[in-house]
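Worksheet for the structure shown next.
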Amino acid sequence: PMPSLARLYQSYFPVGIAITPGQVMFGGNTQIAEQFNVVVAENAMKPFSLNKFGPGRYDFDAADAIVNFAITRGIKVRGHALVWHEQAADWMFYGSGPNGDATREELTERLHTYIRDVVTHFKGRVYAWDVVNEAFIPDEPGKPQIDGWRQSNWYRILGPQFIALAFKFAHEADPDALLFYNDYNTEKPAKRAMILQLIRDLQTQGVPIHGIGHQSHYTSTNPSDFGSLEETIVQVSNLGLTNHITELDISISSNPMTGSEPELTPELELEQAQRYHDFFSMCLRQRKNVSAVLMWGLNDDVSWLRNWPHARFDAPLLFTGEMKPKAAFWAVANL
Ligand code: XIL
């Protein structure tokens, strides 16, 4: 019989995946509940899913299907993501300001209303929220930014204060929820510095932040090891916060951007297993500071990398499309 990752890692941290409403609506694949004890909605809790059609028009059904599936099986739920530049409820950015933009007052009020309503809806069922996702891009000189801050609609209209506002509103709505800032490239020194600065700024302002989410979308060669991520985790912990690994996957390609799409040869599968081994070894070393590890998808066939940055082959997860455990699964299970 297949060992359960949730059980194997039970005394260290919960292990989980991102799921879709369809995957659980009719009871779900039994392996989801056997293998994992924390889940996150891959898309169903983003503003474009919950509040696409305008003020007060919420649709919680799909997200509730995920939450109810999880809660009845003793699985924890992470919420993802309250504030992001993508998959937003775009109507929020329009209003009575110049050029038809929302004014600062309008957007602040909508941010408040959205966070209050959504966090209240899931109160007591979602234990941790990604409050703000991907605000910093110091390592991407080609993209519009000011001092490393992404020029999103949030930043453009509200300025850097949008982060503090979002955390404050989330805490007001559910004082028991753990609140996270979530991002990719968190192992890179420039991004690390911005995240540490954000934490110190929020702490100075008395705004609660409890953890950093490290997306951890990696390729077959980048980063070459997980030492710099470990360094970020240690430094975050030194400021009194916890860490979640929120979206782990390890592409079999060295660069999905350039279109390289290797087949999953036995050699590549073993290389990938070694990388998963190294990653989970790091998490175990940091078990005092890492309090959840989630992978971004149920199996290779439904991975977002099959469509990103364009339709292509990849196999970045622990299970095949038929839910057969790959070498990477055994590497993680046998640690
Ligand atoms: C991705 C989903 O996996 C895709 O299905 C969707 O089309 C786009 O968003 N960083 C994040 C996640 O924080 O929300 C993204 O999820 C992947 C990158």
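Each number in the UniProt record's numbering corresponds to the 1-based position in the sequence shown with 52 added. Think of the CB as a built atom: it goes at the ideal place given N, C-alpha and C, for glycine as much as any other residue. Keep in mind that this is a model prediction, so the values were computed, not measured.
Asked, Found
"Given the structure, does residue 326 come close to ligand 1, in the sense that its CB is under 7 Å from one of the ligand's heavy atoms?", "no"
"Relative to the C-alpha of residue 242, which residue among 356, 184, 281 and 80 is closest?", "281"
"Could you check whether residue 160 and residue 102 sit closer than 8 Å to each other, using their CB atoms as the reference points?", "no"
"Mind checking residue 348: buried by the 16 CB within 10 Å criterion, or exposed?", "buried"
"Nearer than 7 Å: is that true of the beta carbon of residue 299 relative to any heavy atom of ligand 1?", "yes"
"Could you say which of 267, 181 and 240 lies nearest to residue 191 if we only look at CA atoms?", "240"
"What would DSSP say about residue 377, mapped onto helix, strand or coil?", "strand"
"Roughly how many whole angstroms lie between the Cα atoms of residue 117 and residue 124?", "11 Å"
"Please indicate yes or no: does the CB of residue 157 lie closer than 7 Å to some heavy atom of ligand 1?", "no"
"Which residue from 72, 73, 343 and 275 puts its Cα closest to that of residue 298?", "343"
"When the Cβ atoms of the region 244-251 are set against those of the region 276-290, are three or more pairs found closer than 8 Å?", "yes"
"Quick check on the burial criterion: 16 or more other C-beta atoms within 10 angstroms. Buried or exposed for residue 273?", "exposed"
"Are there three or more Cβ pairs, one per stretch, closer than 8 Å when the region 200-208 is compared with the region 253-267?", "no"
"Quick one: does the C-beta of residue 132 sit closer than 7 Å to a heavy atom of ligand 1?", "yes"
"Thinking just about the alpha-carbon of each residue, which of 295, 387, 167 and 153 is nearest to the one in residue 222?", "167"
"Can you list, in chain order, the residues of its chain whose CB lies under 7 Å from that of residue 380, leaving out five sequence neighbours each side?", "324, 325, 328 and 370"
"Do the region 76-91 and the region 53-61 make contact, defined as three or more Cβ pairs closer than 8 Å?", "yes"
"Rounded C-beta distance between residue 114 and residue 73? I'm assuming under 8 Å.", "4 Å"
"Hey, would you say the C-beta of residue 94 is under 7 Å away from at least one heavy atom of ligand 1?", "yes"
"Measuring from the CB of residue 139, is there a heavy atom of ligand 1 at a distance below 7 Å?", "yes"
"I need the DSSP call for residue 290, collapsed to helix, strand or coil.", "helix"
"What residues in its chain sit with their C-beta under 7 Å from that of residue 307, if we drop five residues either side in the sequence?", "271"
"Suppose the cutoff is 6 Å on Cβ atoms and the five residues either side in sequence are ignored; what does the same chain contact list for residue 376 look like?", "none"
"Identify the continuous beta strand (DSSP E) that holds residue 232 and give its terminal residues.", "230-235"
"Does the beta-carbon distance from residue 135 to residue 225 come in below 8 Å?", "no"
"Just to confirm before moving on: does the CB-CB distance between residue 180 and residue 215 stay below 8 Å?", "no"
"Would the beta-carbon of residue 97 fall within 8 Å of that of residue 68?", "no"
"Quick one: residues in its chain with C-beta nearer than 8 Å to the C-beta of residue 313, no 5 flanking neighbours on either side, listed in chain order?", "305, 364, 365 and 366"
"Express the C-alpha separation of residue 267 and residue 279 in angstroms, rounding to a whole number.", "16 Å"
"Quick check: residue 337 and residue 65, are their CB atoms within less than 8 Å of each other?", "no"
"For residue 240, which three-state DSSP category applies?", "coil"
"Just to confirm before moving on: does the CB-CB distance between residue 229 and residue 170 stay below 8 Å?", "no"
"Using 10 angstroms around the beta-carbon of residue 283, count the other beta-carbons present and answer buried if the total reaches 16, otherwise exposed.", "exposed"
"According to DSSP, simplified to helix, strand and coil, what is residue 54?", "coil"
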